[in-house]
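Data first, discussion second: the structure below is written as structure tokens.
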Amino acid sequence: MTAIRGYVAPTSDRSAVGVHSLDHFTLAVPNLKPAQKFYGDFGLDVRDEGGSLGLKTYGHDHRWGTVVEGSRKRLHHLSFACFPDDLTRLKAQAEANGVVLVDPPPGFESNGFWIRDPAGVLIEVKVAPKSSPDRKLSGPWSSSPEGIPGAPVRSKAPVIRPRRLSHVLVFTTDIGIALEFYARNLGLRMSDRTDKVAFMHGIHGSDHHILAFAQSDAPGLHHCSWDMASVDEIGIGAAHMADKGYTRGWGLGRHVLGSNYFHYVQDPWGSFAEYSADIDYVAKQQDWPGAYHRDEDSLSLWGPEPPDYFIVNHEAGTRA
Ligand SMILES: [Fe+2]
């Protein structure tokens, strides 16, 4: 394994403190209407909350994302959740590390505290129930029993619905610094990385990554990723989105780092929403055998080459 700059080594230290979930992301866009249509078509339960949109999944109470109005598309903030006993320790840990606490944005006051990561991304840490799963959630891999056709005619394709938010991938200005910041302050641990991307999981049991980074010259949201029950659901979702006019994206393929099957759909602002299935799971207190991989050996196990518009930070050069 190659030594990793800026990386705090994983440990099974049971006294370690860390967040347990990526609670939600908040995105600002100039106009809520395209967001309401896009995420609704994507399969989410989009709630009009009077001046903002709540992104939920059907059958689940949790709000995984919020879309607010802003002068341009930008990642507004990320919210991480911890257990009640850990909030004071996390806050003290951040302050001991010299991280400056900042005021919450107007209208976003909570029981937690707010900081900025080294790239400038606004971060909330608050007490909330664990929304990341406690174990790997499987799905059906055989769509029908013997004697029953598994695929309906296309016009009868079922409506697919994501089960939950899995992760977000954000642009950052220095991946090594970002890894160290989130390890030291939120207790996240690196799962795997390459020169261009890196992945972090929580210490209380989470997907292979709840937060991931791509190198850029500015912060920004690259994609939000939503857990599906099967590869078939990924395909049905991608076809449904293409029928709705969202034809640009990347997939179907299987990632190496995280092992998830994927199809990315480009959103109205040039970033992406990912249908994902069967992502690796890092159990509580597990030392994940992470490593530094070559980009060309780890982007995908199979699938098409990504389009040239896949890694573009549309928030670069536009921030206040
Ligand atoms: Fe992803």
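Residue 80 in the working numbering sits at position 99 of the sequence shown; the count goes up by one each step and never skips.
Using N, Cα and C, we set each Cβ at its ideal position, and we do this for glycine too.
Determine, for Arg142, whether the minimum Cβ-Cβ distance to residues of chain B falls below 8 Å. The structure shown contains no chain B; it holds only a single protein chain.
Does the region 241 to 261 come into contact with the region 179 to 189, if we say contact requires no fewer than three beta-carbon pairs (one atom in each stretch) closer than 8 Å? yes
Among Ala164, Tyr242, Gly120 and Leu238, the one whose alpha carbon lies nearest that of Gly232: Per the Cα distances, Tyr242.
Proximal residues to Gly216 (C-beta, below 8 Å), its chain only, five neighbours per side dropped: Leu233 and His244
Paired residues, beta bridge with Trp207 - DSSP: Assignment of beta-bridge partners to Trp207 by DSSP yields Leu146 and Tyr256.
Contiguous beta strand (DSSP E) assignments of at least 3 residues, all confined to the region 167 to 206: 170 to 174, 178 to 182 and 192 to 196
Note down, in chain order, each residue of its chain lying with its Cβ closer than 8 Å to the Cβ of His274, except the 5 sequence neighbours on either side. Only residues of its own chain outside the window of five on either side were considered, and among them Asp173, Arg174, Thr175, Val237 and Leu238 have a CB closer than 8 Å to the CB of His274, listed in chain order.
Cross-strand partners of Phe262 (DSSP beta bridge): In the sequence as displayed, the identity of residue 262 is Tyr instead of Phe. Asp188.
Nearest to Ser2 (by Cα), restricted to the options Asp98, Lys265, Leu282 and Pro270: Per the Cα distances, Lys265.
I need the straight-line Cα distance from Ser60 to Asp4, nearest angstrom please. Rounded to whole angstroms, Ser60 to Asp4 spans 5 Å at the Cα level.
On the premise that Gln247 lies in contact with Thr229, defined as a C-beta separation below 8 Å, what is that separation, rounded to the nearest angstrom? Reading the sequence as shown, one finds Arg at residue 229 and not Thr. With 8 Å as the limit, Arg229 and Gln247 qualify as a contact, their Cβ atoms being about 4 Å apart.
Ala195 and Gly298 look like a contact to me (Cβ under 8 Å); what is the Cβ gap, rounded to whole Å? Not confirmed; about 16 Å, so no contact.
With Ile104 as the anchor, note down where its beta strand (DSSP E) starts and where it stops. For Ile104, the enclosing beta strand (DSSP E) starts and ends at Leu103 to Val108.
Nearest candidate by alpha-carbon position, reference Val134, set Ser91, Arg145, Ala220 and Tyr39: Ala220
Just to confirm my understanding: we take Met(-18), look at its own chain, exclude 5 residues before and 5 after, and list those with CB closer than 7 Å. What are they? For Met(-18), the predicted structure reports a pLDDT of 41, less than 50, and the residue's modelled location is therefore unreliable. A value from the coordinates is still provided. Excluding residues within five positions, the ones whose Cβ falls inside 7 Å are Ala272 and Tyr273.
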